[in-house]
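Q: Before we start, here is the structure in question, set down as structure tokens.
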Amino acid sequence: MARDETGPDLPAYVTVGRSENADPACAAREAARNVSAHELCFVIALIPAAMDSDVVAEVFAEELESVPVFGCTTAGQITPFGYENDALLLIGFRKEHFRCASTLITPLKPLSIAHIFETMTRQNGKFIHTAGWNRLALVFADGLSKQEDLLASVLESVLEGVPVFGGSAGDGMAFERTQILHKGRFHDNAALVLLVETDLYFQGVSFDHFLPEGHELVITEANTEERLVTEINGAPAAKEYARLVGCTVAELTPQVFAENPMLVCHKQAHYVRAIADVLEGNTLSFLAAIDDGLIMVMGRGKEIIETLEAELNLTDAMGRQPDFILAFDCVLRKLEIEEKKLDEQVSEIFRRRKVLGFNTYGEQHCGLHMNQTFVGVAFYGPRGSLLP
């Protein structure tokens, strides 16, 4: 049975539609009718993996015909109730506080740096700046394209001075097909870049809960283009990783990968390079860039709840808490949280902090594609104003 949407404390500057109806047409209609379309500049839609995307798009065209709808399929949703797996979530951005311009990059693979550079330069130039408003970019990329590392780097370069935040579309834990939603239509092998202007003050947030305190290792053989590692420390990759973790290859699962990540150092900071799966021949498939000769270190987890509370304890210069936080949260974080039976505690924190978003196959921030990271944008009221 659907829960009462008036229960959670909802944001003031966006409207939220949500449905856990198993019928895609009913879910799309129910969620769309809750977002007050006439008030909106655009809508972000976050779609459960099992939901029929074509049916959802058809209903959006009927119910939200005057409002552009963007988003993607997901590996889980973060709704006003916290973590969910099967809830269709719509976030409507009010026209009095937001403007946007969208670009669909397709095909994403093979990725053309020159095309993205030219397209985004033109789009950024055409998107006239509103005096006193701030600009950011949101990215939703095909989570199976293996192009997010390069895409994030190119966007950081071409959109110099514009902070970029994003997440890779998901497909539950199936890793079979991820789709990008652009103006009400779903696309394969694509990425969406939303240039957003707002009169709201915002700040970025990015964190994980791992310390580089394990064994150091070297990637000694890899297929860079496909993010495959066949050797670690000169030994078959899966066998060596299992040895370092303290288990057998047969015992390697997504939960093991989530709790025992490998970290890479970039500009004196460590970032997770997550393992997706074990393939034939003891090959490890990764969710982010990997290369021959790369020196890595096993990560040790910090206390998840304490870390989450501390990192989301945000205020602006006026001491205000965010009106809402738009979140790109790695699905491997969620797996670890569920394995440790902490999902209700995390959901309670998300509810209290008004976090809305989805679980990803990877996150983009500051020109990097990373894994097992929470990336978000905290939105406050306009500078000098008080929240209603």
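Position 358, counted from 1, in the sequence shown is what the UniProt record's numbering calls 358; the numbers after and before it change by one each time, with no gaps. From the three backbone atoms N, C-alpha and C, an ideal C-beta is built for every residue, glycine too.
#1: I'd like to check one pair, Glu156 with Cys330: are the Cβ atoms closer than 8 Å?
#2: Where does Gly172 fall in DSSP's three states?
#3: Between the C-alpha atoms of Lys183 and Ala237, what's the straight-line distance to the nearest angstrom?
#4: Can you give me the start and stop residues for the beta strand (DSSP E) that Leu368 sits inside?
#5: Just confirm the distance between the C-beta atoms of Gly376 and Gly362, as a whole number of angstroms; I'd bet it's less than 8 Å.
#6: Please state the DSSP three-state secondary structure of Asn223.
#7: Does DSSP put Val59 in a helix, in a strand, or in coil?
#8: Quick one: what does DSSP say Gln77 is sitting in, helix, strand or coil?
#9: Measure the CB-CB distance between Pro80 and Arg351 and report whether it falls below 8 Å.
#10: Taking the alpha-carbon of Ala169 as reference, which of Thr360, His369, Gln203, Val346 has the nearest alpha-carbon?
#11: Can you tell me where the beta strand (DSSP E) holding Leu342 begins and where it ends?
#12: Go ahead and pull the three-state DSSP assignment for Phe98.
#13: Taking all protein chains shown into account, decide if Leu211 is buried (16 or more other Cβ within 10 angstroms of its Cβ) or exposed.
#14: Could you give the DSSP three-state label for Phe127: helix, strand or coil?
#15: Can Lys354 and Pro382 be called in contact, C-beta distance under 8 Å?
#16: Just to confirm my understanding: we take Glu216, look at its own chain, exclude 5 residues before and 5 after, and list those with CB closer than 7 Å. What are they?
#17: Please tell me whether Gln372 and Pro261 are closer than 8 Å, where the distance is taken between their beta carbons.
#18: Using beta-carbon positions only, say whether Phe257 and Gly204 come within less than 8 Å of one another.
#19: Using 8 Å for Cβ pairs, my map puts Val229 next to Met370. What's the rounded Cβ distance?
#20: Over the uninterrupted beta strand (DSSP E) stretch that includes Val195, give me the two end residues.
#21: Got a sec? Which residues, its chain only, sit under 6 Å from Glu336 by beta carbon, not counting five neighbours each side?
#22: From what residue to what residue does the alpha helix (DSSP H) around Arg243 run?
#23: According to the neighbour-count rule (16 or more other Cβ atoms, all chains shown, within 10 Å of its Cβ), is Gly234 buried or exposed?
#24: Quick one: using the 10 Å Cβ neighbour count with 16 as the cut-off for buried, is Pro24 buried or exposed?
#25: Checking the sheet assignment: what are the DSSP bridge partners for Pro382?
#26: Give the secondary structure of residue 422 by DSSP, where H, G and I count as helix, E and B as strand, and everything else as coil.
#27: Count Cβ pairs between the region 99 to 113 and the region 189 to 196 that sit closer than 8 Å; are there 3 or more?
#28: Whose C-alpha, out of Tyr13, Pro254, Glu118, is nearest the C-alpha of Asp199?
#29: Let me know the secondary structure DSSP gives Val256 once reduced to three states.
#30: Counting beta carbon pairs with one atom in the region 108 to 127 and one in the region 49 to 68, are three or more of them shorter than 8 Å?
#31: Rounded to the nearest angstrom, how far is the Cβ of Phe117 from that of Val158, given a contact under 8 Å?
#32: Are at least three pairs of beta-carbons, each pair with one atom in the region 242 to 252 and one in the region 312 to 327, less than 8 Å apart?
#33: Just to confirm my understanding: we take His97, look at its own chain, exclude 5 residues before and 5 after, and list those with CB closer than 6 Å. What are they?
#34: Helix, strand or coil for Thr315 per DSSP?
#35: Ignore the nearest five residues each way along the sequence and tell me which others in Cys26's own chain have a CB closer than 8 Å to its CB.
#36: Using CA coordinates, which residue listed in Pro68, Gly161, Ile44, Ser66 is at the minimum distance from Phe140?
A: Reading it off the structure:
#1: no
#2: coil
#3: 42 Å
#4: 368 to 370
#5: At roughly 15 Å, the Cβ-Cβ gap does not stay under 8 Å, so Gly376 and Gly362 are not in contact.
#6: strand
#7: helix
#8: strand
#9: yes
#10: Thr360
#11: Counting along the chain, Leu342 falls outside any beta strand (DSSP E), and DSSP gives it neither H nor E.
#12: strand
#13: exposed
#14: coil
#15: no
#16: Ile295, Val297
#17: yes
#18: no
#19: Actually they do not touch by this definition, with Cβ atoms about 17 Å apart.
#20: The question names Val, but residue 195 in the sequence shown is Leu. Segment 191 to 198, the beta strand (DSSP E) holding Leu195.
#21: Ala258, Glu259
#22: 237 to 245
#23: exposed
#24: buried
#25: Leu200
#26: Past the edges of the chain, shown from 1 to 388, lies residue 422, and the structure says nothing about it.
#27: yes
#28: Tyr13
#29: helix
#30: no
#31: 5 Å
#32: no
#33: Tyr13, Thr198, Asp199, Leu200
#34: coil
#35: Ser19
#36: Ile44
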